[in-house]
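Number of protein chains: 2
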Amino acid sequence: MIYCVEDDENIRELVIYTLKTTGFKAVGFGDGESFRAALQEEKPELILMDIMLPGESGMELLARLKGDRHYKNIPVIMLTAKSSEYDKVLGLDGGADDYITKPFGMMELISRIKAVLRRTGQREDTDVLEAGKVRMDVDRHEVWVDGAQVALTYKEFELLKLLLLNRNIVLSRDRLLEDIWGYDYTGETRTVDVHVRTLRQKLGEGGSCIETVRGIGYRIGDGHEA
Amino acid sequence: MIYCVEDDENIRELVIYTLKTTGFKAVGFGDGESFRAALQEEKPELILMDIMLPGESGMELLARLKGDRHYKNIPVIMLTAKSSEYDKVLGLDGGADDYITKPFGMMELISRIKAVLRRTGQREDTDVLEAGKVRMDVDRHEVWVDGAQVALTYKEFELLKLLLLNRNIVLSRDRLLEDIWGYDYTGETRTVDVHVRTLRQKLGEGGSCIETVRGIGYRIGDGHEA
DNA sequence: CGGGAAATGAAAAATATCTGAAAACTTTAC
DNA sequence: GTAAAGTTTTCAGATATTTTTCATTTCCCG
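Top to bottom, those sequences are chains P and Z.
Residue numbers are given in the working numbering: position 121 of the first sequence equals residue 121, and the series is strictly consecutive.
Residue numbers are given in the working numbering: position 218 of the second sequence equals residue 1218, and the series is strictly consecutive.
What follows is the structure in structure tokens.
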């Protein structure tokens, strides 16, 4: 899946169309906001992003992405109308993996995308998360314990995913609420406990991988503890 | 650089002091006017702001900031004495990124600041603190002595962390109480002693790194003493 | 020595988490 | 549009663990 963030609709549609006919899955966004919303749901394997966007600039978005450990590994290619050396350096320094100056040809775009994917070539590894007997296929939204599939609800799935993505790191209830429920969630902090319980129950034997860290929160470790 | 706008001088100084010892650059302001003047000169990476200020209220300041495209992206954490739900919603609706109710502990403040910075995407913290045989991984919330893991409770962990963060500096009981228990803690000063004891016990051999400085408090040194 | 400061031991108080169950809310099916 | 099913949230004990207190002993330094 490739995300394209570009406010010019013509360019955006053209890029999406080209990507799709080349065999990629692709979705376009006109502004940073809708893009970020989508990011919550699915991690793309590459991001194409215009430097000039209405509201939040592409550079800001880039900085955010590269500063967030969940997203920093997604390769980003910046698109821009400016071709001055200054902007180029700026873009690369911000952590972009490549840089394309408008107007660009579709063939060039494709070959650059392939080059970046080849270079960063780390696909796979975010799609399936594992811990002990628990295995999660993020894209298919499926969880298996010891070879048997387990049905999880949305919140349970997100909870497990976040814990798996942060192996060994203790996540506080606040952090979990913030990331899964949204930063403006105003409900009980106990809610997390209840979901952890149902998660442990449903995971059966595998449930023991979720450790309680008293006074702090929860985490999933590497399983070399008692 | 972090700006703190708070009219209570005691709280302000305490916050600034804590931020500085944690590795942030920080400046405090007693009113909205001086704060706005400083804003002209330099953009901070985060703003801590009391809701109740003499003259212009914190909410007004917040509204101004979030309405100005130069400043709208600077994360803001509101401080307030009121804990009613109404105020909370008000603060978040105004565009604040987080909200802390007084009285708050310094450790909580720091972790909230880090959370907001993480969310808005800057900074990276993979903190591992060490002293002699003792090694602490802050994110994993784990402590190791001589290769063996030691389980610490919340307060013990915080205590050890603060001492490790202030290598070679003697921390008074008051300072420890203030930072870990919160600035309004009114209990016994002896409480610290008891926690130091359990900490030393649990750390076993490594426990000797915590020195008692008679009449002052405790510290963790570089270990080249007896 | 003597007096204040710190360490100890052990019990009381305070807190955090888990549990079971019901209420509130969503979605799906008819 | 309503009923049924499923999901999420809240709540009130029960339980386990941590934190605090306090009386006592030991230690350090003048």
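Each residue gets a CB set at the ideal place from its N, CA and C atoms; glycine is no exception.
Run down chain P in chain order and give the residues with a C-beta less than 8 Å from the C-beta of Z/Ala1115.
Within the second sequence, numbered from 1, the residue matching residue 1115 of chain Z stands at position 115. Result: Asp174, Arg175 and Glu178.
Does the distance from the C-beta atom of P/Cys209 to that of P/Val134 stay below 9 Å?
Locating residue 209 of chain P in the first sequence gives position 209, counting from the first residue. Locating residue 134 of chain P in the first sequence gives position 134, counting from the first residue. Against a cut-off of 9 Å, the Cβ pair of P/Val134 and P/Cys209 comes out as a contact.
Pull up the distance between the alpha-carbon of P/Glu124 and that of P/Asp98, whole angstroms please.
Residue mapping note: residue 124 of chain P aligns to position 124 of the first sequence, counting from 1. Residue mapping note: residue 98 of chain P aligns to position 98 of the first sequence, counting from 1. Bear in mind that a pLDDT of 43 at P/Glu124, under 50, signals an unreliable position, so the number given afterwards is only what the model happens to contain. So the two alpha carbons sit approximately 21 Å from each other.
Establish whether the CB of Z/Tyr1185 and some CB of chain P are separated by less than 9 Å.
Here residue 1185 of chain Z refers to the residue found at position 185 of the second sequence. No, Z/Tyr1185 does not count as interfacial toward chain P.
Could you spell out the range, first to last residue, of the beta strand (DSSP E) harbouring Z/Phe1035?
Reading the second sequence from its first residue, position 35 is the one you call residue 1035 of chain Z. Here Z/Phe1035 belongs to no beta strand (DSSP E); instead the alpha helix (DSSP H) covers Gly1032 to Glu1041.
Simplified DSSP assignment, three categories, for P/Phe157
The residue given as residue 157 of chain P occupies position 157 in the first sequence. Correct three-state label for P/Phe157: helix.
Between which residues of its own chain and P/Glu227 is the CB-CB distance below 8 Å, once the five residues before and five after are set aside?
The structure shown has nothing for residue 227 of chain P, since chain P only spans 1 to 226.
Mind checking which residues open and close the alpha helix (DSSP H) that includes P/Ala63?
If you number the first sequence from 1, residue 63 of chain P lands on position 63. Start and end: Gly58 to Gly67.
Against chain P, does Z/Lys1155 count as a neighbour if the rule is that its beta carbon must be under 9 Å from one of theirs?
Locating residue 1155 of chain Z in the second sequence gives position 155, counting from the first residue. Chain P contact via Cβ: present.
Interface residues of chain P facing Z/His1195 [CB-CB closer than 9 Å]
Looking up residue 1195 of chain Z in the second sequence gives position 195. Under the 9 Å cutoff, chain P gives no residues; its nearest Cβ is about 13 Å from Z/His1195.
Are the CB atoms of Z/Ala1096 and Z/Ile1077 nearer to each other than 9 Å?
Position 96 of the second sequence, counting from 1, holds the residue named residue 1096 of chain Z. Position 77 of the second sequence, counting from 1, holds the residue named residue 1077 of chain Z. Cβ atoms of Z/Ala1096 and Z/Ile1077: closer than 9 Å.
Could you check whether the stretch 147 to 155 of chain P touches the stretch 193 to 205 of chain P, counting it as contact only if at least three pairs of C-beta atoms, one from each stretch, sit closer than 8 Å?
yes
Within 9 Å (strictly less), CB to CB, does P/Glu56 reach chain Z?
Along the first sequence, one-based indexing puts residue 56 of chain P at 56. Interface residue, yes.
Please report the straight-line C-alpha distance between P/Ile11 and P/Lys25, rounded to a whole angstrom.
Here residue 11 of chain P refers to the residue found at position 11 of the first sequence. Here residue 25 of chain P refers to the residue found at position 25 of the first sequence. Each residue's Cα considered, the two are about 17 Å apart.
Buried or exposed for P/Asn73, please, with buried defined as at least 16 other CB atoms from any protein chain shown within 10 angstroms of its CB.
Walking along the first sequence from the start, residue 73 of chain P turns up at place 73. Label assigned to P/Asn73: exposed.
Using a 10 Å radius around the Cβ and a threshold of 16 neighbouring Cβ atoms, would you call Z/Glu1085 buried or exposed?
Within the second sequence, residue 1085 of chain Z is the residue found at index 85, counting from 1. Unreliable positioning characterises Z/Glu1085 in this predicted model, as indicated by a pLDDT of 47, which lies under 50. A coordinate reading is not provided.
Report the option in Z/Thr1021, Z/Thr1186 and Z/Ile1100 whose CA atom is closest to the CA atom of Z/Tyr1047.
Within the second sequence, numbered from 1, the residue matching residue 1047 of chain Z stands at position 47. Reading off the sequence shown, one finds Ile at residue 1047 of chain Z, where the question assumed Tyr. Measuring from the Cα of Z/Ile1047, the nearest candidate turns out to be Z/Ile1100.
Return the CA-CA distance between P/Ser57 and P/Ser34, expressed in angstroms with no decimal places.
As a working note, residue 57 of chain P is residue 57 in the first sequence. As a working note, residue 34 of chain P is residue 34 in the first sequence. Whole-angstrom Cα-Cα distance: 13 Å.
Report yes if the CB atom of P/Ile180 is closer than 9 Å to the CB atom of P/Leu162, and no otherwise.
Residue 180 of chain P sits at position 180 when you count from the first residue of the first sequence. Residue 162 of chain P sits at position 162 when you count from the first residue of the first sequence. In contact: P/Ile180 and P/Leu162 (Cβ atoms closer than 9 Å).
Going by the CB atoms, is the gap between P/Tyr71 and P/Ala38 shorter than 9 Å?
Indexing the first sequence from 1 puts residue 38 of chain P at position 38. Indexing the first sequence from 1 puts residue 71 of chain P at position 71. The answer is no: Cβ separation not under 9 Å.
Please name the residue, chosen from Z/Val1027, Z/Arg1173, Z/Arg1036 and Z/Leu1171, that lies closest to Z/Asp1068 on a Cα-to-Cα basis.
Position 68 of the second sequence, counted from the start, is the residue given in the question as residue 1068 of chain Z. The shortest C-alpha separation from Z/Asp1068 is found at Z/Arg1036.
Report yes or no: is there a C-beta of chain P within less than 9 Å of the C-beta of Z/Arg1135?
Residue 1135 of chain Z sits at position 135 when you count from the first residue of the second sequence. With 9 Å as the cut-off, Z/Arg1135 does not count as an interface residue toward chain P.
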